[in-house]
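In our numbering, the protein residues as written are 48 to 991.
Below is one structure; the comments refer to it alone.
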């Protein structure tokens, strides 16, 4: 070792050869140069040959210096110089104990660790010391001191593992192996990453009583982990942690599919002084759902993120049975569902209220989940594909409501048999106080969530008792009645909340617990119907990560992953990180979780002397290859110089060849780029754009847009249709004379083909000679009602009870209503808004006076003394009467009635017109007069 310099020589005696350099210089300087070459001239040559005396010539000084340099380089190379030679630090008082981290963080520099350990083993062998070796990421340890050859075999057999080091168990093995014998040196080859047991493990090393401790590690540990991934609404967010955060660093995130192909990428930037960062991968929804793993470009380790089906962002379709009401969004059930799921799923909604068209259209978009809020009856065109979609793996979530309560009991889309009607406070099946939620059963997907004590239920749809009801119940109320039930259907499932999705029946939708429940149900679904899914339970290992981040077939050491009971799994010796399950469905187990962060190891104080060394293969540099290479290069240069000086490269220049051929480059042909793009298709040139040709009925359509018009259904019975036209025209004239509304002439509509949404009220009389509407027509009427329209059904036979009528007209109406999704109905109560929307009425007469008017049932929840009318949110989408109202309204061209009233009372026709006015005003203004806040303003105006 040279004093003050980190250089040592393996054969320092050879350096005495440098003393011979002056002798070599003296010999080299006497070397004559080459003879001068002259053109043939006989006399001149003879004159020089006959010179009587030759004197030697000296070689150039620079050539002599080059040859001296060659000699010096060879002498230095033979002396075996080494930069930063390994220190001889082993304590010879006892065996060498090696504790080597072969964790995930050691994979990048594993060869350097092996080289450092081999150097220590070689030094122990030269001192005839036994060696004990343990690896911190192995499940079992053999720390018994053994021969150097045995230690080398253990080192060659060891491989980095995709696990965190367990240093405490390694120290325990060393203590058990040495017993009362103290090792001479304990060498720790650490990966630099702290673990929860590192502090106690290093503190226990002092119990070994070693004579010296040597800690070897990398100069700048660069461990980096990906500890979380969130598939957001717009992009994929990836969280990462690094070990050292002094300087700013930028990395590239790479997203790969199940075949290892790169399908997306994004930046990952660490700010200076920060050890945590968040990267973003922007890609379309479908591409993000194909991502199977995320890693960092240029880094190979097990600290990546494997993704399974639970990571994929679900596409959720929303369908509601309530009429659209954009003026009161808080009363819409889809409002709360949208707010709860929008951060975690991509939501789509039907663009039409026609269920026969909306459901197939949504299914074509391949949703993972469909949420139906208060849908009672679906047409067959929607039910069949929906059932097939569920059986292929789709998840249907249903919410109760008045329509579902009135639906048939044998609903094929219900998980349990439902009791018709609903249970509410003050009803026949009621409780004294609103019921809270009970604790979730152990097998429920909601198990583990805290039971919300502030959520209460005041109204619900009941399930019929059955033998399997308990097994199908995911959540229940304190009295034991089910709140959430579910049933598997083929590869999919149906889940039902027995309350509404808005706050009219319970406080669940306005609680944060509603978000947690919906999110868990959605996460249970498959990312797409028909895809694989690994449910909870015990899953066999399928593909496991190695320390370099590659997926390899599972070996025999890994045990099945136990996910029963909702337990969170952690990677370890029994369950290494990887994929558990089968190719059809698996669960990803990652080494790091979102709240994990990297921190460097803190070295405590030891009683024994401690030395530190860098783990770097280039720390000890052997100069011999460089010196021999430089000597060879100088020798080649010397040879070339000698050849040049002796004319070895001189050639005769002939006349005509004095000039070499000039390298000429021809001008490259410039390609012309066509800048004009020809328009080849007709209809795209100037002046050729045309509007769509007009169609029959467009004129009437434009007129309907300009003014309010009442409509009636064309039944095909000429007499009935003529009565409807004259009756609605007369009612329109009465409205214009008594109110500020000036409707246009009425219009007949064909429910199979006409645009229905233009008309706020459609009058549908029953006729024995009319043909029954097709399912498509009934579905269009159902969509019209859900979109905010009102249909006034008139059986014209003085119907008294909807379910008890037996006439042909009543039966015809019952057949039509069976295909509609309608809520429960009731005769107009005395305090209903219809009784005072314009005129004050107590009955709704037509040609007949004794038949009731049926409307959507509204629960009586308000004090009649404080409100002028019962509070109903929105307008009833259906009205049913049997009083033949159009016949009472119908007048001829001179204003005379076409039909007499029964009984013949002149005031009955006046009351019929007033009933028509109230119906139209109620339909146009809703529950305006039911709002008490307007009473002071109205009284003040009346006082003026």
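All C-beta atoms, glycine included, are put in the ideal place defined by N, C-alpha and C.
Worksheet item: Beta carbon of residue 540, beta carbon of residue 442: below 8 angstroms?
Response: Numbered from 1 along the chain shown, position 493 holds the residue referred to as residue 540. Numbered from 1 along the chain shown, position 395 holds the residue referred to as residue 442. The answer is yes: Cβ separation under 8 angstroms.
Worksheet entry | Ordered list of alpha helix (DSSP H) runs contained in the stretch 795-846, each at least 4 residues | 822-833
Worksheet item: Would the beta-carbon of residue 812 fall within 8 angstroms of that of residue 771?
Response: Indexing the chain shown from 1 puts residue 812 at position 765. Indexing the chain shown from 1 puts residue 771 at position 724. A contact, by the Cβ cut-off of 8 angstroms.
Worksheet item: Hey, is the stretch 231-246 in contact with the stretch 631-641, meaning 3+ C-beta pairs nearer than 8 angstroms?
Response: no
Discussion item. Between which residues of its own chain and residue 866 is the CB-CB distance below 8 angstroms, once the five residues before and five after are set aside?
Written reply: Counted from its first residue, the chain shown places residue 866 at position 819. Cβ neighbours of residue 866 beyond the five flanking positions: 424, 426, 822, 825, 826, 829.
Discussion item. Quick check: the Cα distance between residue 518 and residue 434, rounded to an integer number of angstroms?
Written reply: Residue mapping note: residue 518 aligns to position 471 of the chain shown, counting from 1. Residue mapping note: residue 434 aligns to position 387 of the chain shown, counting from 1. If you take the alpha carbons of residue 518 and residue 434, they lie about 22 angstroms apart.
Worksheet item: Should the stretch 868-882 be regarded as contacting the stretch 439-458, the criterion being three or more beta carbon pairs within less than 8 angstroms?
Response: yes
Item to complete: Tell me residue 275's beta-bridge partners as DSSP assigns them.
Response: Looking up residue 275 in the chain shown gives position 228. According to DSSP, residue 275 bridges with 286.
Worksheet item: Which partner residues does residue 626 have in the DSSP bridge list?
Response: Position 579 of the chain shown holds residue 626. Answer is 590, 635.
Worksheet item: If you check the beta carbons only, do residue 841 and residue 806 fall under 8 angstroms apart?
Response: Mapped onto the chain shown, residue 841 falls at position 794. Mapped onto the chain shown, residue 806 falls at position 759. It is not a contact, given that the beta carbons lie outside the stated cut-off.
Item to complete: Starting from residue 759, trace the alpha helix (DSSP H) both ways and give me its first and last residue.
Response: Numbered from its first residue, the chain shown carries residue 759 at position 712. Where residue 759 is concerned, there is no enclosing alpha helix (DSSP H), although the beta strand (DSSP E) it sits in stretches over 758-760.
Discussion item. Can you confirm whether the stretch 596-607 touches the stretch 383-391 when touching is taken to mean that 3 or more C-beta pairs between the two stretches lie within less than 8 angstroms?
Written reply: no
Worksheet entry | Length of the line joining the Cα atoms of residue 108 and residue 679 | Looking up residue 108 in the chain shown gives position 61. Looking up residue 679 in the chain shown gives position 632. For residue 108 and residue 679, the distance between alpha carbons rounds to 20 angstroms.
Worksheet item: Nearest CA to the CA of residue 284: which residue from 127, 358, 403, 831?
Response: Translated into positions along the chain shown, residue 284 becomes position 237. Selected option, being the one with the closest Cα: 358.
Worksheet item: residue 948: buried (16+ other C-beta within 10 angstroms of its C-beta) or exposed?
Response: As a first step, residue 948 is located in the chain shown; it is residue number 901 there, counting from the start. Buried.
Discussion item. Just to confirm the assignment: which complete alpha helix (DSSP H) runs, minimum length 4, are found wholly within the stretch 108-171?
Written reply: 108-125
Worksheet item: Are the beta-carbon atoms belonging to residue 440 and residue 305 less than 8 angstroms from one another?
Response: Counting from one through the chain shown, the residue named residue 440 turns up at place 393. Counting from one through the chain shown, the residue named residue 305 turns up at place 258. Contact flag unset, no.
Worksheet item: To which residues of the same chain is residue 960 closer than 7 angstroms at the C-beta, ignoring the five residues directly before and after it?
Response: For this step, residue 960 is matched to residue 913 along the chain shown. Here the set comprises 778, 781, 936.
Worksheet item: At which residues does the alpha helix (DSSP H) containing residue 928 begin and terminate?
Response: As a position in the chain shown, residue 928 is number 881, starting the count at 1. Residue 928 -> not in any alpha helix (DSSP H); beta strand (DSSP E) instead, spanning 925-928.
Worksheet item: residue 692: buried (16+ other C-beta within 10 angstroms of its C-beta) or exposed?
Response: On the chain shown, residue 692 is found 645 positions in, with the first residue counted as 1. It counts as exposed.
Fill in: For residue 211, three-class secondary structure by DSSP
On the chain shown, residue 211 is found 164 positions in, with the first residue counted as 1. Three-state DSSP puts residue 211 in coil, outside helix and strand.
Item to complete: Would you mind sorting residue 649 into buried or exposed? The rule is 16 or more other CB atoms within 10 Å of its CB.
Response: Mapped onto the chain shown, residue 649 falls at position 602. Result: exposed.
Worksheet item: Which residues mark the beginning and the end of the alpha helix (DSSP H) in which residue 511 is found?
Response: Taking the first residue of the chain shown as position 1, residue 511 is located at position 464. It is not in any alpha helix (DSSP H) - residue 511 carries neither H nor E in the DSSP assignment.
Worksheet item: Taking just the CA atoms, how far does residue 787 sit from residue 475?
Response: Indexing the chain shown from 1 puts residue 475 at position 428. Indexing the chain shown from 1 puts residue 787 at position 740. Note on residue 475: pLDDT 48, under 50, position unreliable in the model; no value is reported.
Worksheet item: Where residue 124 and residue 198 are concerned, what is the direct C-alpha to C-alpha distance, given to the nearest angstrom?
Response: Sequence index remark: in the chain shown, residue 124 carries index 77 (1-based). Sequence index remark: in the chain shown, residue 198 carries index 151 (1-based). Cα to Cα, the separation comes out at about 33 angstroms.
Worksheet item: Buried or exposed: which applies to residue 506, given that a residue is buried once 16 or more other Cβ atoms fall within 10 Å of its Cβ?
Response: Taking the chain shown and counting its residues from 1, the one referred to as residue 506 is at position 459. Buried, by the Cβ-count rule.
Worksheet item: Which residue spans inside the stretch 849-889 form an unbroken beta strand (DSSP E) run of at least 3?
Response: 872-874
Worksheet item: Between residue 212 and residue 148, which are expected to be in contact by the criterion C-beta below 8 angstroms, what is the C-beta distance as a whole number of angstroms?
Response: Here residue 212 refers to the residue found at position 165 of the chain shown. Here residue 148 refers to the residue found at position 101 of the chain shown. The Cβ separation is near 5 angstroms, so the contact holds.
Worksheet item: Under the DSSP definition of a beta bridge, which residues are partnered with residue 193?
Response: As a working mapping, residue 193 is identified with position 146 in the chain shown. Note: residue 193 sits in a beta bridge opposite 178.
Discussion item. Are the CB atoms of residue 586 and residue 625 within a distance shorter than 8 angstroms?
Written reply: Numbered from its first residue, the chain shown carries residue 625 at position 578. Numbered from its first residue, the chain shown carries residue 586 at position 539. Not closer than 8 angstroms, so no.
Discussion item. For residue 535, report the span of its alpha helix (DSSP H) as first-last.
Written reply: Walking along the chain shown from the start, residue 535 turns up at place 488. Residue 535 -> not in any alpha helix (DSSP H); beta strand (DSSP E) instead, spanning 529-536.
Discussion item. If the criterion is Cβ atoms closer than 8 angstroms, does the pair residue 547 and residue 447 meet it?
Written reply: Indexing the chain shown from 1 puts residue 547 at position 500. Indexing the chain shown from 1 puts residue 447 at position 400. It is a contact, given that the beta carbons lie within the stated cut-off.
Discussion item. Need the endpoints of the beta strand (DSSP E) that residue 558 sits in, please.
Written reply: By one-based count along the chain shown, residue 558 stands at place 511. Run containing residue 558: none; DSSP gives neither H nor E here.
Discussion item. I'd like the list of long-range same chain contacts for residue 773, defined as Cβ closer than 7 angstroms, with 5 residues on each side in sequence excluded.
Written reply: Here residue 773 corresponds to residue number 726 of the chain shown, with the count starting at 1. So the list reads 937, 938, 945, once near-sequence residues are dropped.
Discussion item. Please report the distance separating the alpha-carbon of residue 261 from that of residue 688.
Written reply: Sequence index remark: in the chain shown, residue 261 carries index 214 (1-based). Sequence index remark: in the chain shown, residue 688 carries index 641 (1-based). Roughly 53 angstroms between the two C-alpha positions.
Worksheet item: How about the stretch 493-511 and the stretch 404-419: do they share at least three Cβ pairs that are nearer than 8 angstroms?
Response: no
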